[in-house]
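Residue numbering for the sequence shown follows the working numbering, starting at 5 and increasing by one per position.
Glycine is no exception: its CB is placed at the ideal position from the N, C-alpha and C atoms.
What follows is a set of notes on a single structure, which appears directly below.
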Amino acid sequence: MLKGFVGTVQRALINQRKCYASSSAVLARAYSTRPAADNRRLEIDTMSQEANRKINSVFAPPSVLANPMNVPVKLLMGPGPTNVSPRVMQASSNQMLGHMHAETFQIMDEIKAGLRYVFQTSNPWTLVVSGPGHLGMEAVLVNLLEPGDKVLIGINGLWGKRAVDLANKLGASPIPLEQETGKSISLDEIEQGLSKHKPKVLFLIHSESSSGVMQPLVGVGDLCRKHDCLFVVDTVASLGGVPFFMDDWNVDAVYTGSQKVIGAPPGLSPISFGPRAVEVIKTRKTLIKSYLLDMNELTIQWQCGDPSIPRIYHHTPPVNLFYALREALAELTEEGLENVWKRHAQAAARLHAGIHSLGLKLFVQDESDRLPTVTTILVPEGIDWKRVVQFLMEKHLIEIAGGLGPTVGKVFRIGLLGCNATPEKVDRVLQALKEGLEFAKLQGHL
Ligand SMILES: Cc1ncc(COP(=O)(O)O)c(C=O)c1O
5 MLKGFVGTVQ RALINQRKCY ASSSAVLARA YSTRPAADNR RLEIDTMSQE ANRKINSVFA
65 PPSVLANPMN VPVKLLMGPG PTNVSPRVMQ ASSNQMLGHM HAETFQIMDE IKAGLRYVFQ
125 TSNPWTLVVS GPGHLGMEAV LVNLLEPGDK VLIGINGLWG KRAVDLANKL GASPIPLEQE
185 TGKSISLDEI EQGLSKHKPK VLFLIHSESS SGVMQPLVGV GDLCRKHDCL FVVDTVASLG
245 GVPFFMDDWN VDAVYTGSQK VIGAPPGLSP ISFGPRAVEV IKTRKTLIKS YLLDMNELTI
305 QWQCGDPSIP RIYHHTPPVN LFYALREALA ELTEEGLENV WKRHAQAAAR LHAGIHSLGL
365 KLFVQDESDR LPTVTTILVP EGIDWKRVVQ FLMEKHLIEI AGGLGPTVGK VFRIGLLGCN
425 ATPEKVDRVL QALKEGLEFA KLQGHL
């Protein structure tokens, strides 16, 4: 009987195409005569019919999602992300685990061990923040800096400027230590900056991926100790591809990105804090201005301290990215750091020789300043760089990049990162670049 009654009300609504207000009136009439439970069912039926009508007229299911997803296989020879190995791809497609499951904790512990090896450190506070390289930058600065703190920041491209912006947002006092784009900063210049400004933190970019410069780091940590300053390094575009010794070089805090030499998908930023940095964090006068990046909390979920202290939920991390990072670190460990560094150096030498034989010039003049993982090539006069980049993508499905920040329009950037740092990939990108330049030259004459 109830069914018949509901049907009558529904038909009445459909026929008359009444708006929700008038269906409420019908409900109100029906309410007065039915028991409460029946009224609830009637209300749900009527409202769902109304919701259906609205969904179909306003927010209809998007037909684009009925098509298969398009993910072509491209050769990623830009400054990152890079391609990942089949083993890493397969790892990330495993079924989800909960972030508080014993197996996940084990994977996290294995990641920590792998990162200590890649950073060359024994720091207990070696872990991962759930986000890209930018989040690593934020994590270091937000934990170490308090309002008004002076931070001396080396700038010879885009990334130092980015750190200045961030330090400003945190209310700290960034002091730029500027160098020409395309050149590294000398030890003398660093020492002068430290003596003059007496900063709490010195921040350097190891791998200036916008200009292709590698900043020498040996000796800088000692200067920082002498001037009672923390030494922080961004290794997003270099870690794993060139020698880096956190403990030996007295680096107090460092971060990198998962998607570059390490060869995992983007979305994780490995990070490490040495004892001097931990002490600064523990003795802050003000609260850390972030929940997600507060290392006092996050290191508990990662169990970076006493293993008898149980892990506590802090946030839900991207566990499937942990699988991928764990396997990428396993591959790197199996190959051996020295071999990975050598492979990147050899690939860079081959690329640089090939660039010269194409009649092109490298942007970084001083050979010892050249970053093996990201090479910058001067765009020849009269060539539209965008046409070249586009040609490589459309004709060969190969990604190379134009400049970034101060190098926009001036350079091409080719990355040799992780599994793409091989002679075969170098030869492929050189051949495609040659064709791209010929194409752009022809187009320029039309
Ligand atoms: C030196 C450097 N720092 C920071 C970043 C930012 O990394 P992400 O894009 O993962 O946030 C990059 C990215 O290329 C980089 O090269």
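May I ask you to list the residues that DSSP assigns as paired with E212? Here residue 212 refers to the residue found at position 208 when the sequence shown is read from its first residue. Note: E212 sits in a beta bridge opposite V217.
Give me, in chain order, the residues of the same chain whose beta-carbon lies closer than 6 Å to that of L80; leave out the 5 immediate sequence neighbours on both sides. As a working note, residue 80 is residue 76 in the sequence shown. Around L80: T86, N87 and E403.
For G271, three-class secondary structure by DSSP: Reading the sequence shown from its first residue, position 267 is the one you call residue 271. Of the three classes helix, strand and coil, the one that applies to G271 here is coil, per DSSP.
Determine whether the beta carbon atoms of G261 and S276 lie at a separation below 9 Å. One-based indexing of the sequence shown puts residue 261 at position 257. One-based indexing of the sequence shown puts residue 276 at position 272. For G261 and S276, no; Cβs fall outside 9 Å.
Is it buried or exposed for S215, if we count other Cβ within 10 angstroms and need 16 for buried? The residue given as residue 215 occupies position 211 in the sequence shown. Label assigned to S215: buried.
In whole angstroms, give me the CA-to-CA distance for C228 and D252. Here residue 228 corresponds to residue number 224 of the sequence shown, with the count starting at 1. Here residue 252 corresponds to residue number 248 of the sequence shown, with the count starting at 1. Cα-Cα distance, rounded: 14 Å.
Which same chain residues, not among the five before or five after P410, have their C-beta less than 8 Å away from its C-beta? As a position in the sequence shown, residue 410 is number 406, starting the count at 1. Cβ within range, chain order: G161, L162, T185, S214 and S215.
Do V378 and G419 have their beta-carbon atoms positioned less than 9 Å apart in this structure? Looking up residue 419 in the sequence shown gives position 415. Looking up residue 378 in the sequence shown gives position 374. Going by C-beta atoms, G419 is nearer than 9 Å to V378.
Please determine, among G309, A257, A241 and V282, the residue with the shortest C-alpha to C-alpha distance to I266. The residue you call residue 266 lines up with position 262 of the sequence shown. Out of G309, A257, A241 and V282, A241 has the C-alpha closest to the C-alpha of I266.
Under the three-state reduction of DSSP, which class applies to W345: helix, strand or coil? Within the sequence shown, residue 345 is the residue found at index 341, counting from 1. Three-state result, W345: helix.
Using 10 angstroms around the beta-carbon of H210, count the other beta-carbons present and answer buried if the total reaches 16, otherwise exposed. Taking the sequence shown and counting its residues from 1, the one referred to as residue 210 is at position 206. Buried, by the Cβ-count rule.
State yes or no: is the C-beta of L333 within less than 9 Å of the C-beta of G118? Within the sequence shown, the letter at position 329 stands for residue 333. Within the sequence shown, the letter at position 114 stands for residue 118. Yes, these two residues count as a Cβ contact at 9 Å.
In the DSSP assignment, what residue or residues form a beta bridge with A405? For the purposes of this step, residue 405 is taken as residue 401 along the sequence shown, with counting starting at 1. Answer is R417, bridged to A405.
Who are the near neighbours of I111 in its chain, counting only those whose CB is closer than 7 Å to its CB and skipping five residues on each side? Sequence index remark: in the sequence shown, residue 111 carries index 107 (1-based). For I111, where only same-chain residues beyond five positions count, the Cβ hits under 7 Å are F326, Y327 and R330.
If you check the beta carbons only, do G152 and A176 fall under 9 Å apart? Locating residue 152 in the sequence shown gives position 148, where the first residue counts as 1. Locating residue 176 in the sequence shown gives position 172, where the first residue counts as 1. Result yes, Cβ atoms of G152 and A176 sit closer than 9 Å.
Is any heavy atom of ligand 1 found at a distance shorter than 8 Å from the C-beta of V240? Position 236 of the sequence shown, counted from the first residue, corresponds to residue 240. Yes.
If E335 and S89 are in contact, beta carbons under 8 Å, what's the gap, nearest whole angstrom? The residue given as residue 335 occupies position 331 in the sequence shown. The residue given as residue 89 occupies position 85 in the sequence shown. 6 Å between Cβ atoms; contact.
From A25 to T320, what does the alpha carbon distance come to, in whole angstroms? Residue 25 sits at position 21 when you count from the first residue of the sequence shown. Residue 320 sits at position 316 when you count from the first residue of the sequence shown. With a pLDDT of only 41 at A25, under 50, the local geometry of the prediction cannot be trusted, and the value read off the model is given with reservation. Spanning the two alpha carbons is a distance of roughly 42 Å.
Please specify which runs of the beta strand (DSSP E), each continuous and at least 3 residues long, are wholly inside the segment 124-208, giving them in chain order. 129-133, 154-159 and 177-182
Cβ pair K202, G84 closer than 9 Å: Stepping through the sequence shown from its first residue, residue 202 is reached at position 198. Stepping through the sequence shown from its first residue, residue 84 is reached at position 80. Contact flag unset, no.
With R391 and Q447 assumed to form a contact (beta carbons below 8 Å), what rounded beta-carbon distance in angstroms separates them? Residue mapping note: residue 391 aligns to position 387 of the sequence shown, counting from 1. Residue mapping note: residue 447 aligns to position 443 of the sequence shown, counting from 1. Sure, about 6 Å apart at Cβ, within 8 Å.
Between the alpha carbons of V62 and N71, how many angstroms are there, rounded? Looking up residue 62 in the sequence shown gives position 58. Looking up residue 71 in the sequence shown gives position 67. Whole-angstrom Cα-Cα distance: 21 Å.
Give me the residue from F416, E385, P384 and G358 with the minimum Cα distance to L396. Within the sequence shown, the letter at position 392 stands for residue 396. Residue F416 is the option with its Cα nearest to L396.
From the DSSP output, in three-state form, read off A64 for me. Here residue 64 corresponds to residue number 60 of the sequence shown, with the count starting at 1. Of the three classes helix, strand and coil, the one that applies to A64 here is coil, per DSSP.
Alpha carbon to alpha carbon, how far is P279 from D238? Counting from one through the sequence shown, the residue named residue 279 turns up at place 275. Counting from one through the sequence shown, the residue named residue 238 turns up at place 234. The straight-line gap from Cα to Cα measures roughly 18 Å.
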